[in-house]
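Each protein sequence line maps, in turn, to chains A and B.
Taking UniProt numbering, the leading residue of the first sequence gets 1, the next gets one more, and so forth.
Taking UniProt numbering, the leading residue of the second sequence gets 1, the next gets one more, and so forth.
Number of protein chains: 2
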Amino acid sequence: MVSNRPRTTAPHDVVLIGRSTQQRALVLGALIVAEGFVSAQALHKQLVGTGSSVGLSTVYRTLTALAEAGRADIVRDTNGERLFRHRPGPDHRHYLLCTECGLSLPVESGPVEKWAERVARSSGFANVRHVVELSGICPDCERQPGQAT
Amino acid sequence: MVSNRPRTTAPHDVVLIGRSTQQRALVLGALIVAEGFVSAQALHKQLVGTGSSVGLSTVYRTLTALAEAGRADIVRDTNGERLFRHRPGPDHRHYLLCTECGLSLPVESGPVEKWAERVARSSGFANVRHVVELSGICPDCERQPGQAT
DNA sequence: AAGGTAGATGAAAACGATTTTCACATCAAT
DNA sequence: ATTGATGTGAAAATCGTTTTCATCTACCTT
Ligand SMILES: [Mn+2]
Ligand SMILES: [Mn+2]
Ligand SMILES: [Zn+2]
Ligand SMILES: [Zn+2]
Chain A
1 MVSNRPRTTA
11 PHDVVLIGRS
21 TQQRALVLGA
31 LIVAEGFVSA
41 QALHKQLVGT
51 GSSVGLSTVY
61 RTLTALAEAG
71 RADIVRDTNG
81 ERLFRHRPGP
91 DHRHYLLCTE
101 CGLSLPVESG
111 PVEKWAERVA
121 RSSGFANVRH
131 VVELSGICPD
141 CERQPGQAT
Chain B
1 MVSNRPRTTA
11 PHDVVLIGRS
21 TQQRALVLGA
31 LIVAEGFVSA
41 QALHKQLVGT
51 GSSVGLSTVY
61 RTLTALAEAG
71 RADIVRDTNG
81 ERLFRHRPGP
91 DHRHYLLCTE
101 CGLSLPVESG
111 PVEKWAERVA
121 RSSGFANVRH
131 VVELSGICPD
141 CERQPGQAT
């Protein structure tokens with residue numbers, strides 16, 4: 001039983017999905033820096049803008065893989081576009097998202113978790129998932145309309 | 001002040017969005033008969049199959065209008081496809097949806113409504129909406145896998 | 001019962017996000 | 001270094017949905 005821990009270290013953290021490539025490190029790094037929900041396209045534009053050219057397909061593939069590995073959350077905005085957010089810990093959260101400026105506020109979700117579990121148990125359904133998204137206009141945007149990017 | 005109530009009656013019910021046309025009656029009728037969540041495309045196929053040819057654009061337009069008028073609920077399935085369901089009353093509900101067969105079960109959502117309202121109030125956000133979707137495998141589908149349409 | 005017109009329809013094209021293809025590059029184990 | 005599995009990316013394909021625009025129609029006014 002020889003130990004075989006990794007020999008290389010990546011900028012932020014080692015990508016734990018498949019091989020460790022430069023592109024995956026870049027995407028993960030950008031996602032972490034983003035500090036909130038971002039679309040694959042926005043992330044791609046930003047990467048290209050910074051000179052770190054990564055293919056759009058690779059951005060999509062990496063984000064999808066991260067989400068499947070539990071390292072990213074996904075929500076859908078009103079247009080059906082998927083927004084990704086880095087999830088540092090293993091904890092599952094819900095956010096209140098400003099539809100004007102994109103600000104996302106983690107909210108206390110205990111009650112809704114308990115409710116979802118109770119409904120799941122009493123229904124007889126198996127493998128019950130839930131999607132809970134709150135959205136509105138944040139105080140800042142409410143005060144100064146039409147200031148968004 | 002002369003009263004001007006409608007002079008015609010439609011098969012199921014008068015469509016209360018804009019003009020009353022044959023196509024809208026057909027779409028609404030099909031949506032009601034569907035008895036659950038259906039996609040615009042499925043509804044269109046069914047209408048064409050029954051000989052009642054209605055344009056796909058019209059199906060989309062009608063369903064969107066119904067939803068905006070509060071006469072239909074919309075959920076997004078995992079692929080991002082929109083599913084519509086007729087809403088008879090003015091009450092707002094949430095459903096537990098079987099991802100295998102499409103069965104939808106209305107669930108008791110009092111706690112989640114209260115929670116959403118409390119979060120909205122304490123956040124300072126304006127015009128807060130919520131999307132709450134539960135999905136899983138219904139007992140029947142759990143028992144006999146791969147029986148779906 | 002016309003006539004006029006804002007509103008509705010539908011076939012086809014446009015859209016836009018995401019996925020797939022496939023030839024080529026590169027990671028990592030030997 | 002060799003090598004085979006894996007990842008990459010430009011371009012094309014998908015696919016649900018929206019838009020366009022020429023044509024039609026519901027329905028209000030004469
Ligand atoms: Mn939750
Ligand atoms: Mn609700
Ligand atoms: Zn805001
Ligand atoms: Zn089922």
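By construction, the Cβ of each residue, glycine as well, lies at the ideal position given by its N, Cα and C atoms.
Within chain A, the residues that residue i reaches when beta carbons sit closer than 7 Å
| i | result |
| --- | --- |
| residue 137 of chain B | 125, 126, 127 |
Sequence-distant residues of its chain with Cβ nearer than 7 Å to residue i (five each side left out)
| i | result |
| --- | --- |
| residue 46 of chain B | 30 |
| residue 77 of chain A | 83 |
| residue 69 of chain B | 16, 17 |
Exposure label - residue i; buried when at least 16 CB within 10 Å
| i | result |
| --- | --- |
| residue 100 of chain A | buried |
| residue 92 of chain A | exposed |
| residue 25 of chain A | buried |
| residue 16 of chain A | exposed |
| residue 53 of chain A | exposed |
Beta-carbon proximity of residue i to residue j, cut-off 8 Å
| i | j | result |
| --- | --- | --- |
| residue 96 of chain A | residue 123 of chain B | yes |
| residue 128 of chain B | residue 136 of chain A | yes |
| residue 125 of chain A | residue 138 of chain B | yes |
| residue 94 of chain A | residue 119 of chain A | no |
| residue 61 of chain A | residue 72 of chain A | no |
| residue 63 of chain A | residue 27 of chain A | yes |
| residue 116 of chain A | residue 66 of chain B | no |
| residue 107 of chain B | residue 131 of chain A | no |
| residue 80 of chain A | residue 102 of chain B | no |
Local conformation of residue i per DSSP, three classes
| i | result |
| --- | --- |
| residue 119 of chain A | helix |
| residue 16 of chain A | coil |
| residue 141 of chain A | helix |
| residue 106 of chain A | strand |
| residue 81 of chain B | coil |
| residue 94 of chain A | strand |
| residue 59 of chain A | helix |
| residue 29 of chain B | helix |
| residue 48 of chain A | helix |
| residue 24 of chain B | helix |
| residue 131 of chain B | strand |
| residue 42 of chain B | helix |
| residue 75 of chain B | strand |
| residue 7 of chain B | Its pLDDT being 35, under 50, residue 7 of chain B is placed unreliably by the model, and nothing is read from it. |
| residue 126 of chain B | strand |
Other residues of its chain near residue i: CB distance less than 6 Å, five sequence neighbours each side excluded
| i | result |
| --- | --- |
| residue 58 of chain B | 23 |
Contacts of residue i in chain B (Cβ-Cβ under 7 Å)
| i | result |
| --- | --- |
| residue 112 of chain A | 112, 115 |
| residue 105 of chain A | 123 |
Contact set between residue i and chain B, taken where Cβ atoms lie within less than 9 Å
| i | result |
| --- | --- |
| residue 150 of chain A | Limits of chain A in this structure are 1 at one end and 149 at the other, which puts residue 150 of chain A out of reach. |
| residue 120 of chain A | 96, 134, 136 |
Other residues of its chain near residue i: CB distance less than 8 Å, five sequence neighbours each side excluded
| i | result |
| --- | --- |
| residue 40 of chain A | 56, 59, 60, 63, 82, 84 |
| residue 48 of chain A | 54 |
| residue 43 of chain A | 27, 30, 31, 34, 59, 63, 84 |
Beta-carbon neighbours of residue i, restricted to chain A and to distances below 9 Å
| i | result |
| --- | --- |
| residue 76 of chain B | 76, 80, 131 |
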